[in-house]
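Engineer: Right, I'll just put the structure down here and ask away after.
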Amino acid sequence: MRQTKAFGNETDPEVVVVSNATPSGKDIMDIYKRLEKDHDKQRELIKSIKASKPGSEKRAALWTDIKVELEAHASAEEQAFYSKLMAKPDGTDDTRHAVEEHQQMHEMIEKLDAMDQSADVWDDLFGELAHKVTHHVDEEEDEFFPAAKDTLSDAQETKALKEFNDRKDAEIQKQEELAD
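full-length UniProt numbering numbers the first residue of the sequence shown as 1 and each following residue consecutively.
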């Protein structure tokens, strides 16, 4: 985070303001905002799939999108973010829990992939996956991120953001190649 100095009044002559703004005033992305951006995308894809017609081409395309998104996000998050938290004594239990949830989601994705998307059972299992994803991202944002902010240094957070972006890009490319 960037610190800027502002001059106040005679009782508080100098105020230090910590901001995510760049010198040009634009807000910069940190690891937490980046992960939340992905979470928002996942929530939107879930809504779109639930609103789509079973067995439709639209649902099939949305399903491909969310699979790629969830798998790439989980892989990048585990490597770039969770790995740094696992190295800290305070971060291991919550991080293990988050990794377990990623594994459960992966298993649900594999089951859904093997099913007919027009079947009622597909909708039921997708509902379970949607609930798991929503629970996971809400828990991360409400509990996990605040604890991580107290655990990781600014340098570790900056490194995590770069590693996350690099790994996610590579994972998306890998997923797209597998789909071809």
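Don't be surprised by glycine CBs; every beta carbon is placed ideally from N, CA and C.
Would you identify the three-state DSSP class for L35, choosing helix, strand or coil?
Structural biologist: For the purposes of this step, residue 35 is taken as the residue at position 35 of the sequence shown. Reduced to three states, the DSSP call for L35 is helix.
Engineer: Based on Cα-Cα distance, which residue from Q173, D166, K174 lies nearest to L77?
Structural biologist: Counting from 1 along the sequence shown, the entry for residue 77 is found at position 77. Note on identity: in this sequence residue 77 is Glu, with Leu being the wrong assignment. It is D166 whose Cα lies nearest to the Cα of E77.
Engineer: Give me, in chain order, the residues of the same chain whose beta-carbon lies closer than 8 Å to that of E176; leave out the 5 immediate sequence neighbours on both sides.
Structural biologist: Counting from one through the sequence shown, the residue named residue 176 turns up at place 176. Cβ within range, chain order: V68.
Engineer: Does the beta-carbon of R59 have 16 or more other beta-carbons within 10 angstroms, so that it is buried, or is it exposed?
Structural biologist: For the purposes of this step, residue 59 is taken as the residue at position 59 of the sequence shown. So R59 ends up on the buried side.
Engineer: If you reduce the DSSP assignment to three classes, tell me which class A87 lands in.
Structural biologist: Here residue 87 refers to the residue found at position 87 of the sequence shown. Here A87 carries a coil assignment [DSSP, helix/strand/coil].
Engineer: I'd like the span of the alpha helix (DSSP H) that includes A119, first residue to last.
Structural biologist: By 1-based counting over the sequence shown, the position of residue 119 is 119. It is not in any alpha helix (DSSP H) - A119 carries neither H nor E in the DSSP assignment.
Engineer: Around the C-beta of H131, are 16 or more other C-beta atoms found within 10 angstroms, so that it is buried, or is it exposed?
Structural biologist: Here the question's residue 131 lines up with position 131 in the sequence shown. Exposure of H131 is indicated by the presence of fewer than 16 other C-beta atoms within 10 angstroms of its C-beta.
Engineer: Here's a check: name, in chain order, each residue in its chain whose Cβ is nearer than 7 Å to the Cβ of K88, leaving out the five neighbours to either side.
Structural biologist: One-based indexing of the sequence shown puts residue 88 at position 88. T151.
Engineer: Pull up the CB-CB distance for E171 and S83, whole angstroms please, since I reckon it's below 8 Å.
Structural biologist: Taking the sequence shown and counting its residues from 1, the one referred to as residue 171 is at position 171. Taking the sequence shown and counting its residues from 1, the one referred to as residue 83 is at position 83. Separation of the CB atoms of E171 and S83 is rounded to 15 Å, and the pair is thereby denied contact status at 8 Å.
Engineer: Pull up the distance between the alpha-carbon of D142 and that of D38, whole angstroms please.
Structural biologist: What you label residue 142 is simply residue 142 of the sequence shown in a count that begins at 1. What you label residue 38 is simply residue 38 of the sequence shown in a count that begins at 1. If I take the Cα positions, the gap works out to 15 Å.
Engineer: Taking its Cβ as the centre, do 16 or more other Cβ atoms sit within 10 Å of D120, making it buried, or is it exposed?
Structural biologist: Stepping through the sequence shown from its first residue, residue 120 is reached at position 120. Taking every protein chain shown into account, the CB of D120 has fewer than 16 other CB atoms within 10 angstroms, so this residue is exposed.
Engineer: Which class does K53 belong to by DSSP, given the choice of helix, strand or coil?
Structural biologist: Stepping through the sequence shown from its first residue, residue 53 is reached at position 53. Coil.
Engineer: Quick check on this structure: which residue in T134, Q156, A155 has the alpha carbon closest to the alpha carbon of E44?
Structural biologist: To locate residue 44, count along the sequence shown from 1; it is residue 44. That would be T134, whose Cα lies nearest to the Cα of E44.
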